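What follows is a single structure, written as structure tokens, with notes after it.
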Amino acid sequence: MNNKIRKTNLIIVAVLLLIGSFLQAAYAADLIKTDGSSTVYPITEAVSEEFQAQDRKTKVTVGISGTGGGFKKFCRGETDLSNASRPIKAEEIKLCSENGIEFIEIAVAYDGLAIMVNQKNNWASKITVEELKKIWEPAAQGKIMRWNQIRQGWPNKEIHLFGPGVDSGTFDYFTEAIVGKAQASRGDFTASEDDNVLVQGIITDPFALGYFGLAYYEENKDRLKLVALDAGNGPIMPSSQTVEDATYYLARPIFIYVSQKSLKKPEVVRFVQFYLNEGPALASEVGYIPLPKSIQGLVSKRFNKRVTGSVYKGEGAAGKSFGSLLQESGK
59 MNNKIRKTNL IIVAVLLLIG SFLQAAYAAD LIKTDGSSTV YPITEAVSEE
109 FQAQDRKTKV TVGISGTGGG FKKFCRGETD LSNASRPIKA EEIKLCSENG
159 IEFIEIAVAY DGLAIMVNQK NNWASKITVE ELKKIWEPAA QGKIMRWNQI
209 RQGWPNKEIH LFGPGVDSGT FDYFTEAIVG KAQASRGDFT ASEDDNVLVQ
259 GIITDPFALG YFGLAYYEEN KDRLKLVALD AGNGPIMPSS QTVEDATYYL
309 ARPIFIYVSQ KSLKKPEVVR FVQFYLNEGP ALASEVGYIP LPKSIQGLVS
359 KRFNKRVTGS VYKGEGAAGK SFGSLLQESG K
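Quick note on my numbering: the sequence shown kicks off at 59 and runs consecutively.
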């Protein structure tokens, strides 16, 4: 009996030592924290998975609190990288400065904002910028409530709107580009920081209209209907070509922002270098448009030289060429 007890105790000790070694290894693992845009999430998540498969000592966490929510954490020094579907704002730059956070702005891909309706919608195959403004501007709240108020001949049915929440960079970009002022929007719509919630809302509602990143349409194109957008030169569908050449009105770059302090950690440098090298191919795999090689080269050069700040200088991206701003920066 004593031998059995002794063997049992030895087994318990061995198991505890094994568990302890696992916990020690997990505790010793390098940790990289990222948060922010749900639009940029699929790229950063794909890059993180590939990176961790090669660098097993490093763990990368990827949160989704929206671009604005991500910047709040980033500018308080709580994260190493911030995913953003719009450039950093002046007030966010100020918050970072107050907390001693310098940052490097890295564009990772191009994206287009897709205008979506339910597949049963057989009337709205195209829409103008002016009509979108009529729907989404603050003055429309409680007044523009039916499809036939937008265009004569469309059904006398209540329109149900779906869009990103106020912490989303997509919300900021859309309101700036369509309404003319960031954050200027009616409030009576279904809002979510999670684009998958918007997808499900439009899929299940025949009278829905909404907007979100093109990549989420690509993932659900068998269940959604894309609407062409007319900004004055005829209706244009978002695609790899029209987004890259900016003929589609709602084309934009998307970003990661890297804390200069975090670059003191070798694992963060390795991760960003991996992102720059592998990101273009992975961006394409998850439905985004890789930057042209000339632009990729300039972005990598800025990172390698550790050039801090934003080429947008706290202003919005609507109507501006990222490539031109990058070249004009001369760095």
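In this text, a Cβ means the ideal position worked out from N, Cα and C, and glycines have one as well.
Predicted model only: the values in this text are computed from it and were never measured.
#### Entry: Closest residue to E107 among D138, I151, L272, E336 (Cα-Cα distance)
E336
### Buried or exposed by the 16-neighbour rule on C-beta atoms within 10 Å, applied to T262
exposed
### Query
For P324 versus A375, is the C-beta spacing smaller than 9 Å?
no
### Task
Starting from the Cα of P338, find the closest Cα among C154, D169, E149 and give me that residue.
D169
### Task
State the Cα-Cα distance for the pair E160 and T366, rounded to the nearest angstrom.
6 Å
### Task
State the CB to CB distance for the pair K184 and D288, rounded to an integer number of angstroms; the pair is presumed to be in contact (CB under 8 Å).
6 Å
### Query
For V285, which of D303, A266, Q299 has the nearest alpha-carbon?
Ranking the options by Cα distance to V285, first place goes to A266.
#### Entry: C-alpha distance - Q258 paired with E103, whole-angstrom precision
One Cα belongs to Q258, the other to E103, and the distance between them is close to 21 Å.
### Query
For E386, which residues does DSSP report across the bridge?
Partner residues in a beta bridge of E386, as assigned by DSSP, do not exist.
#### Entry: Euclidean distance between Cα positions of F129 and K91
13 Å
### Task
Let me know the secondary structure DSSP gives V257 once reduced to three states.
helix
### Task
Apply the 10 Å Cβ neighbour rule to G124 and answer buried if 16 or more other Cβ atoms are within range, or exposed otherwise.
buried
### Query
Count the other CB atoms within 10 Å of the CB of N291; is the residue buried (16 or more) or exposed (fewer)?
exposed
### Task
From the DSSP output, in three-state form, read off V102 for me.
Per the sequence shown, residue 102 should be read as Thr rather than Val. The three-state secondary structure of T102, taken from DSSP, is helix.
### Query
Taking the Cβ atom as the reference point for each residue, do V344 and L384 lie within a distance shorter than 9 Å?
no
### Task
Report the partner residues of V175 according to the DSSP bridge assignment.
L267, K283
### Query
Is the Cβ-Cβ distance between G245 and P196 less than 9 Å?
Cβ distance < 9 Å, so G245 and P196 count as in contact.
### Query
Can you name, in chain order, every residue of its own chain whose Cβ lies under 6 Å from the Cβ of R209, other than the five neighbours on each side?
none
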